[in-house]
Amino acid sequence: MKKMSMLLVACMLVLGALSGCGNSESSKEKENKLVVYSPNSEEIIKTIIPMFEKQTGITVELVTAGTGEIIKRLQSEKQNPYADVMFGGSMAGYRENKALYEPYVSPNDQDLIEGHRNTTGFATPYISDGSVLLVNKNLVGDIKIEGYADLLNPKLKGKIASADPASSSSAFAQLTNMLKAMGGDYESEQGWNYVSELVKNLDGKIASGSGAVHKSVADGEYVVGLTYEDPASTYVRNGAPVEVVYPKEGAVFLDAASGIVKGAPHMDNAKKFIDFILSQEAQDAFGTQLTNRPLRKDAKLGDYMTPYSKINMIDEDTDYVSEHKSKIVEKYTDVFTSVK
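Residue numbers (my numbering): 196 to 535.
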């Protein structure tokens with residue numbers, strides 16, 4: 196009996212040791228994991244995520260979906276978070292859902308350019324995209340296009356590609372950009388008079404979406420398009436007969452951000468990810484391998500990207516625009532309808 200009892204104790208000790216090993220392995224796996232929710236493009240994902248995994252040894256579980264869907268999922272998981280990081284999305288979206296994110300400012304934040312740092316305490320800007328004009332060099336001829344004012348040239352009537360600000364985020368960004376650049380603010384009569392004149396020159400032609408704008412210019416259907424820098428620079432990089440023009444009156448650059456989910460299961464790894472996307476290696480990749488504009492002061496840019504120093508950049512009042520978006524869209528719709 197005593198012999199059996201000793202044998203039983205020995206077995207229990209062995210099982211306990213094995214169980215301890217199992218827990219240790221599980222804990223190790225947990226430490227080396229990161230769950231990322233992202234609305235980013237496949238090109239960004241395929242470039243940045245493997246770089247992070249290689250540098251840190253952390254395995255990333257990736258869930259991709261639209262921004263709205265991700266926000267809904269984060270809200271539903273709020274009491275028991277599954278994700279660690281949201282990678283991508285506008286700063287406005289983060290501000291509107293601040294309760295979903297953990298406070299964190301990366302030490303690398305100090306290396307970003309002025310005006311594009313983490314001022315919220317929880318949303319980290321890492322790239323920026325600007326409103327630009329994409330010009331087809333084969334079609335433009337001797338028409339001067341250096342900024343918004345040039346789009347009122349009668350020679351361009353019906354030859355300007357633009358999407359609807361009510362349904363396209365890039366078209367809405369263009370609208371608020373031109374209101375600020377041409378009128379000084381979002382309610383000035385001067386700014387809205389410009390919009391009215393531009394709408395007349397569109398000649399009733401509205402693209403089906405933001406993608407149709409830059410594609411139609413690159414394909415030679417329109418002389419110029421109101422679009423954004425990322426796809427426009429891609430055409431330049433790939434040798435298309437187009438030129439990116441930054442409005443001389445001023446171009447607004449809006450940041451994409453990343454944030455740590457409140458109560459993230461892998462908090463330390465989440466902080467490492469935020470640090471990484473602001474690192475020299477990642478920021479150089481954004482500027483030279485991708486067509487996204489990095490925010491680090493010393494980041495490298497491909498020759499298809501225009502340096503910040505050559506762009507007249509103006510700031511958007513993001514709080515005002517976010518709060519009054521429906522009002523701005525409604526006024527644009529009234530202008531468009533009255534002009535037609």
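C-beta: ideal position from N, C-alpha, C; glycine also.
In the structure shown, what three-state DSSP assignment does residue i receive?
i: residue 508; result: strand
i: residue 241; result: helix
i: residue 307; result: strand
i: residue 250; result: helix
i: residue 232; result: strand
i: residue 501; result: coil
i: residue 335; result: coil
i: residue 431; result: helix
i: residue 438; result: strand
i: residue 476; result: helix
i: residue 263; result: helix
i: residue 300; result: coil
i: residue 285; result: strand
i: residue 256; result: strand
i: residue 147; result: Residue 147 cannot be examined here, being either before or after the span of the chain that is shown, 196 to 535.
i: residue 403; result: coil
i: residue 290; result: helix
i: residue 532; result: helix
i: residue 275; result: coil
i: residue 494; result: coil
i: residue 345; result: helix
i: residue 464; result: helix
i: residue 413; result: helix
i: residue 398; result: coil
i: residue 443; result: coil
i: residue 340; result: coil
i: residue 216; result: Below a pLDDT of 50, predicted positions are generally treated as unreliable, and residue 216, at 42, falls in that range; the measurement from the model is reported next regardless. Helix at residue 216.
Can you check DSSP and say which residues form a bridge with residue i?
i: residue 420; result: 329 and 356
i: residue 318; result: 454
i: residue 489; result: 322
i: residue 448; result: 325
i: residue 525; result: Looking at the DSSP assignment, residue 525 forms no beta bridge with any residue, so it has no partner.
i: residue 516; result: Answer is none; residue 516 lacks a bridge partner.
i: residue 280; result: 231 and 455
From this set, the options, which residue's C-alpha is nearest residue i's C-alpha?
i: residue 492; options: 407, 460, 341 and 323; result: 323
i: residue 388; options: 400, 375 and 399; result: 375
i: residue 254; options: 377, 473 and 464; result: 464
i: residue 488; options: 451, 457, 522 and 466; result: 451
i: residue 499; options: 453, 440 and 449; result: 440
i: residue 400; options: 427, 447 and 357; result: 357
i: residue 437; options: 409, 457, 532 and 454; result: 409
i: residue 310; options: 405, 448, 249 and 331; result: 448
i: residue 494; options: 307, 331 and 235; result: 307
i: residue 510; options: 372, 406, 295 and 427; result: 372
i: residue 339; options: 418, 392 and 353; result: 418
i: residue 532; options: 392, 239 and 505; result: 392
i: residue 508; options: 526, 458, 443 and 484; result: 443
i: residue 336; options: 350, 327, 478 and 455; result: 350
i: residue 459; options: 506, 362 and 297; result: 297
i: residue 243; options: 402, 502 and 483; result: 483
i: residue 402; options: 381, 384, 361 and 485; result: 361
i: residue 286; options: 314, 276 and 267; result: 314
Can you determine whether any heavy atom of the ligand ADP sits closer than 7 Å to the C-beta of residue i, and answer yes or no?
i: residue 263; result: Here there are no bound small molecules, and the ligand ADP is not part of this structure.
Going along the chain, which unbroken runs of the alpha helix (DSSP H) with 4 or more residues stay wholly within the segment 362–388? 364–378
Segment contact flag, the segment 512–528 with the segment 359–368, C-beta cutoff 8 Å, min 3 pairs: Yes, the segment 512–528 touches the segment 359–368.
Is the segment 340–358 touching the segment 388–403 in the sense that three or more CB pairs, one from each, lie closer than 8 Å? yes
Closer than 8 Å is the cut-off here; do at least three beta carbon pairs connect the segment 289–301 with the segment 422–434? no
Across the segment 279–293 and the segment 310–319, are there enough close Cβ pairs to call them in contact, namely three or more that are closer than 8 Å? The segment 279–293, when compared against the segment 310–319, does touch it at the 8 Å Cβ threshold.
How do the segment 255–275 and the segment 227–245 stand: do at least 3 beta-carbon pairs fall below 8 Å, yes or no? yes
Does the segment 268–284 come close enough to the segment 464–474 that 3 or more CB-CB pairs lie under 8 Å? yes
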